[in-house]
Amino acid sequence: MNFKGKVTSCEFSPCGRSFAVLIDKTVQVWATPTMLKEFAPFRLLRAYGGMYDDATCVGWSKCSKWIIVGSKDLTARIYSANAMENY
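Heads up: the sequence shown runs through residues 444 to 530, numbered per my numbering.
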């Protein structure tokens with residue numbers, strides 16, 4: 444697994460099925476490896492950008508459906524952890 448950048452923060456979802464990683468101005472959501480033997484246990488599920496400065500902190504909702512990301516540009520963005528139509 445290669446994040447291709449410096450990881451500034453990492454947070455596991457409350458359900459334990461995924462984790463979010465902050466790299467520069469992006470947030471990546473990865474699947475947590477299972478007990479099954481897989482060739483590539485880490486899978487990138489989603490990647491979000493849109494911040495004007497580096498992301499600094501990340502948090503999950505209790506239901507593991509939403510991610511909030513704070514940035515040095517003094518904004519906080521909320522992203523869906525799951526695929527949603529027209530989002």
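Where a beta carbon is used, it is the ideal one built from N, C-alpha and C, also for glycine. The structure presented is a predicted model; accordingly, all values stated were derived computationally and were not measured.
Closest by C-alpha distance to residue i, when choosing among the options
i    : options                   : result
K447 : V470, V501, A526 and K515 : V470
G492 : W503, I511, T477 and P457 : I511
Span of the beta strand (DSSP E) around residue i
i    : result
G459 : Run containing G459: none; DSSP gives neither H nor E here.
T469 : T469 to A474
Same chain, Cβ closer than 8 Å to residue i, neighbours up to 5 away in sequence not counted
i    : result
C453 : F462, A463, V464, L465 and V501
Residue i in three-state terms, based on DSSP
i    : result
A519 : strand
S507 : coil
A524 : coil
Y491 : strand
T451 : strand
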